[in-house]
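So the structure is just underneath, and the comments pick up after that.
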Amino acid sequence: MNRDNSVLSTSRFWDQRYRAGDSHWDLGSPTPVFVDLLARSILPRVGSIAVLGCGRGYDSILFAKGGFNVTAIDFSPLALADAADRIRGEGVAVRLLEHDLFSLPDSLTAQFDYVLEYVTYCAIDPERRMEFLKVVERILRPEGIFIGLFFPVDGRPAGPPFSVDVDEVKNELQTRFDLILQEIPETSVKPRKGKEVLMIWRKRTSAQSSERGGMQ
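In our numbering, the protein residues as written are -13 to 202.
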């Protein structure tokens, strides 16, 4: 869709998409896979969670209602304004942060028990994907959990959304994280069913990473 992927790193580009009503990634409701995830009680506990690329805030509200301490991050002022209205209407507590994901303040380092990702990884410049995963690692606490619903995994030639290579994600994360769940969700919305993969990773402590390195 875009030959110059550098525009994807600007808030102006995404504001224009929201303003034009061209936001097909937006489901208009909480992500069913996350609704199911919370209902299954797979996550070990509630805690602090960063929602990266939170958009209009549906999943942020879902996790806030589930008892999580939510920080919702996006760099689109229009999306955050919609999220703020929705959060007020739902009467939940969500901290909204307008910021570029790639330049998050040092104050967020190792501050979260969880990081949530959906349709942000596939929307950024593919050249910045490893940088994105480094951000996830930086803001997670040791033994923190990364929840990623990766879409699309259908090998499409262009984007956004750009196709996700699950093996690439695993190769990048497995040296510092342990994979605790990988599945093709049955609860994906119909157009995305079979085209997305849910992965849950636990960040190792420094000691655990050193032990793994020594065993190789």
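Ideal placement from N, C-alpha and C gives every residue a C-beta, glycine not left out.
So residue i packs on residue j, CB below 8 Å; how close in whole Å?
i: L215; j: D45; result: Here the chain comprises residues numbered -13 to 202, so residue 215 is not present and cannot be evaluated.
i: I131; j: D92; result: Between D92 and I131 the Cβ distance is about 22 Å, and since that is not below 8 Å, they are no contact.
i: P171; j: V19; result: 5 Å
i: N(-9); j: D86; result: Between D86 and N(-9) the Cβ distance is about 15 Å, and since that is not below 8 Å, they are no contact.
i: Q97; j: S15; result: Their Cβ separation, rounded to whole angstroms, is 28 Å, which puts Q97 and S15 out of contact at 8 Å.
i: A58; j: V80; result: 5 Å
i: D22; j: T173; result: 4 Å
i: T95; j: I125; result: 6 Å
Hey, quick one: how far does the alpha helix (DSSP H) through residue i stretch, first residue to last?
i: L159; result: V152 to L159
Rank the options by C-alpha distance to the C-alpha of residue i and give the top, closest one.
i: T17; options: R190, K179, T191 and S192; result: K179
i: R42; options: A65, F20 and K51; result: A65
i: M116; options: G33, D153 and L82; result: D153
i: P63; options: G77, I47, C40 and E76; result: C40
i: S192; options: M185, R127, L135 and V139; result: R127
i: R142; options: G75, K181, A36 and Q168; result: K181
Among all the DSSP beta bridges, which residues are the ones paired with residue i?
i: M185; result: G134 and Q168
i: D60; result: E84
i: F163; result: K189
i: L126; result: F98
i: N55; result: S34
Along the chain, where does the beta strand (DSSP E) that runs through residue i open and close?
i: S34; result: S34 to L38
i: D12; result: Premise fails: D12 is in no beta strand (DSSP E) and is neither H nor E.
i: Y104; result: F98 to Y104
Checklist entry - Do the region 140 to 151 and the region 159 to 176 make contact, defined as three or more Cβ pairs closer than 8 Å? => result Of all C-beta pairs linking the region 140 to 151 to the region 159 to 176, fewer than three are shorter than 8 Å, placing the two stretches out of contact.
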